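In my numbering, the protein residues as written are 10 to 158.
We put the beta carbon where it would ideally sit given N, CA and C, even for glycine.
Just so you know, these numbers come straight off a predicted model, no measurement behind them.
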Amino acid sequence: QWDPNSSNGQVIVHLFEWKWSDIAAECENFLGPRGFAGVQVSPPNEYVEVYQGDVKRPWWERYQPVSYKLVTRSGDENAFKDMVTRCNNVGVRIYVDAVINHMSGGWPMGTGASGGSSFDSGAESYPGVPYSAFDFNDGNCHTGSGNIE
């Protein structure tokens with residue numbers, strides 16, 4: 010049976026890069042009372058902290074996951090749980106922009122992570138999950154023709 014998770018005419022907002030505590034307050038003070046259906050939030054998983062020349066902590070670093078720990082510049086796991094509870098209590102659902110099909114790549118060992126986990130993307134080592142090179146495809150197509158068949 011079809012369930013759109015919101016009534017017809019309701020709106021979902023995207024509060025990208027907001028702190029979890031600020032989203033919770035926005036749900037209680039504005040979104041819930043005005044009938045908003047939900048909030049899409051930035052990826053909540055631990056990610057690479059990017060500092061490259063003039064680039065300091067860009068929005069896209071959130072799409073460079075190193076673990077599934079809920080530790081970001083938006084807050085930690087407890088703040089995330091509190092946000093979900095507070096928003097749900099006023100009728101606002103939380104939709105997560107989840108990064109589930111890849112891990113970070115091209116970052117040298119010793120690069121910082123938002124939750125402090127170590128990782129080595131060159132060796133495909135993500136002990137915070139834990140993932141190792143055995144958990145990743147090698148990038149080659151292993152068929153007779155070398156193509157997807």
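Is it buried or exposed, residue i, if we count other Cβ atoms within 10 angstroms and call 16 or more buried?
i	result
Val-139	The identity of residue 139 in the sequence shown is Pro, whereas the question assumes Val. Its Cβ having fewer than 16 others within 10 Å, Pro-139 is exposed.
Val-93	buried
Trp-116	buried
Distance, Cα to Cα, residue i vs residue j?
i	j	result
Phe-128	Asn-54	14 Å
Ser-130	Asn-149	18 Å
Ser-123	Glu-133	18 Å
Phe-39	Gln-19	14 Å
Val-99	Trp-29	15 Å
Which first and last residues belong to the alpha helix (DSSP H) in which residue i is found?
i	result
Val-93	86 to 98
For the beta strand (DSSP E) containing residue i, name the first residue and the last one.
i	result
Ile-21	21 to 23
Ile-32	Ile-32 -> not in any beta strand (DSSP E); alpha helix (DSSP H) instead, spanning 29 to 35.
Gly-148	No beta strand (DSSP E) holds Gly-148; DSSP gives it neither H nor E.
I'd like to confirm the pairing. Which residues does DSSP put opposite residue i in its beta bridges?
i	result
Arg-102	Gly-47
Q: Count the CB pairs spanning the region 62 to 81 and the region 32 to 50 that are closer than 8 Å, and state whether there are at least three.
A: No: the two stretches stay apart, fewer than three of their Cβ pairs being nearer than 8 Å.
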